[in-house]
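Take a look at the structure set out below.
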Amino acid sequence: MMFGADGTGGSLPSPSYKSAEMDRLVSRDETDRRHTVGRCMDVSEVSLVVFKFGATEFSFTEVSTIRASTGKVVCCHFSSDGKLLATGGHDKKAVLWHADTLKTKTTLEEHSSLITDVRFSPTMPRLATSSFDKTVRVWDADNPGYPLRTFMGHSSTVMSLDFHPDRDDLICSCDWDGEIRYWSFYNGSCSRVFRGGLAHTRFQPHLGRYLAAAADDAVNIFDVDTQACRQTLQGHSKSIDSVCWDSTGELLASVSENSVRVWAVGSGSEWDCVRELSCNGNKFHSCVFHPTYPSILVIGCYQTLELWNMAENKTMSLPAHDGLIAALAVSNVTGLVASASHDKTVKLWKSYFGISRYLSSALSLED
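Heads up: the sequence shown at position 312 corresponds to 1150 in the working numbering, and the numbers run straight through without jumps.
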């Protein structure tokens, strides 16, 4: 393997912090209830919230749920065409689901330890998975019988990974020791190693100029070409669990258990925090920008989803799971939002203009 010169990105966590966070990641939930497997929800039992934007009503409701695993589900992602949903977690398996029916397409079982992240390529029919087994594996999403590539080189648990939005050959991963690696799919090797990422890493959509990497209570912003740390976004008082970009790549959200911060992409060091939401009781963990209404941020908490209307700085909460909502994903094609939870289930959510449209749709599903 070929390695580049090491670089530094920002502060990395202390050993005591890392030990505590690892314990939290693999700890058992207090609740472990039975769940319905793969069915449309009865209109009388769904979770529903209704927003008002001026005179316009906006509803957000659960449309289907499935018991997705025998263990905690910790990651999920839609394919770029919205037809597939990938999930992974503590049972060491990644599962591909048909998003319209939540029926299983295939199960990938090559990892020897729990899966930490799943990501589809935005340009190719490929899926990548990362794991506690210190590997990154890349699969053919159309014929995923065995890995196309298995990347080894991390000396610690691989926590997160991502595909570059327009460079088919570039995959990024970060591990629990704060090391970030670039992998070449075509060469099957590591092309660059630098430091500054830990819990979560995501490329900027479309342009792919920046890489955002969570490290303790800050987000490091790297120049993709040079690996130089352009900016360290600070302001969280707790460790950051998740980062996500909006679909334009102009906004970045970061989530810790007690706050959510939204940053505007700037030139040079001009990255401003333009929105901030403090936790009002329930701990935050994951987030995603709504696929249809980008001024709404969907936040995964313990058992509930928070919908934050950033334009009006209003929030609404709805019950969603029986455990921590570890990951969220959106499809800009179908408008669906997926939530993955430690309660072993995955749920799909849909938005409608107006409560009447939602009720008509829900009643037609019952028929």
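Backbone N, C-alpha and C fix where the C-beta goes; we use that ideal spot for every residue, glycine too.
Residue span of the beta strand (DSSP E) that contains residue i, given as start and end
i	result
C1117	No beta strand (DSSP E) holds C1117; DSSP gives it neither H nor E.
W1083	I1078 to W1083
D1004	Where D1004 is concerned, there is no enclosing beta strand (DSSP E), given that its DSSP letter is neither H nor E.
W977	T973 to D978
M1154	K1152 to V1168
R957	I953 to F958
Y1190	T1183 to F1191
R1047	Element bounds for R1047: n/a, residue is neither H nor E.
M962	Here M962 belongs to no beta strand (DSSP E), and DSSP marks it neither H nor E.
M1148	M1148 -> no beta strand (DSSP E), and no H or E assigned at all.
H1038	H1038 to F1041
Residue i - partner residues in DSSP beta bridges
i	result
R1068	According to DSSP, R1068 bridges with nothing at all.
G1138	S1124 and L1143
F889	F896
A1056	A1053 and Q1072
W1021	I1009 and C1028
L1089	A1102
D1110	A1102
K941	H936
A1061	Checking the sequence, you will find Asp at residue 1061 rather than Ala. D1061 is bridged to Y1048.
A924	H915 and L934
M997	None, per the DSSP bridge assignment.
P985	W977
C-beta atoms of residue i and residue j nearer than 8 angstroms
i	j	result
L952	F970	yes
L835	V956	What is shown of the chain runs 839 to 1205, which leaves residue 835 out entirely.
C1010	Y1020	yes
G920	A937	yes
H1002	F1041	yes
V1168	V1175	yes
A924	F958	yes
S1179	G1161	yes
T995	W1014	yes
L1145	A1158	no
V911	K1182	yes
S1124	V1093	yes
P963	D978	yes
N1096	P1129	no
L1045	V1057	no
D1006	S1022	no
L922	K943	yes
N1118	Y1140	no
Environment of residue i [buried if 16+ CB atoms lie within 10 Å]
i	result
R866	Residue placement at R866 is flagged as unreliable, the pLDDT there being 41, under the threshold of 50; a coordinate-derived value is accordingly withheld.
A1164	buried
N981	exposed
T874	For T874, the predicted structure reports a pLDDT of 35, less than 50, and the residue's modelled location is therefore unreliable. A value from the coordinates is still provided. Exposed, because fewer than 16 other Cβ atoms sit within 10 Å of the Cβ of T874.
M990	exposed
D929	buried
V1100	buried
Y1131	buried
D815	Missing from the structure shown is residue 815; the chain here goes from 839 to 1205 and no further.
D1079	buried
C1082	buried
I1059	buried
A1102	exposed
G1035	buried
T967	buried
G983	exposed
T1086	exposed
C1111	exposed
E947	exposed
Cutoff 8 angstroms: residue i Cβ touching any chain D Cβ
i	result
R1068	Reference to chain D is not applicable here, since this structure consists of a single protein chain.
Report yes or no: do the region 1126-1136 and the region 1044-1054 share at least 3 C-beta pairs separated by less than 8 angstroms?
no
Would you call the region 1066-1075 and the region 1140-1158 in contact, with 3 or more CB pairs under 8 angstroms?
no
Below 8 angstroms, how does it come out for the region 911-930 and the region 896-903: are there three or more Cβ pairs, yes or no?
no
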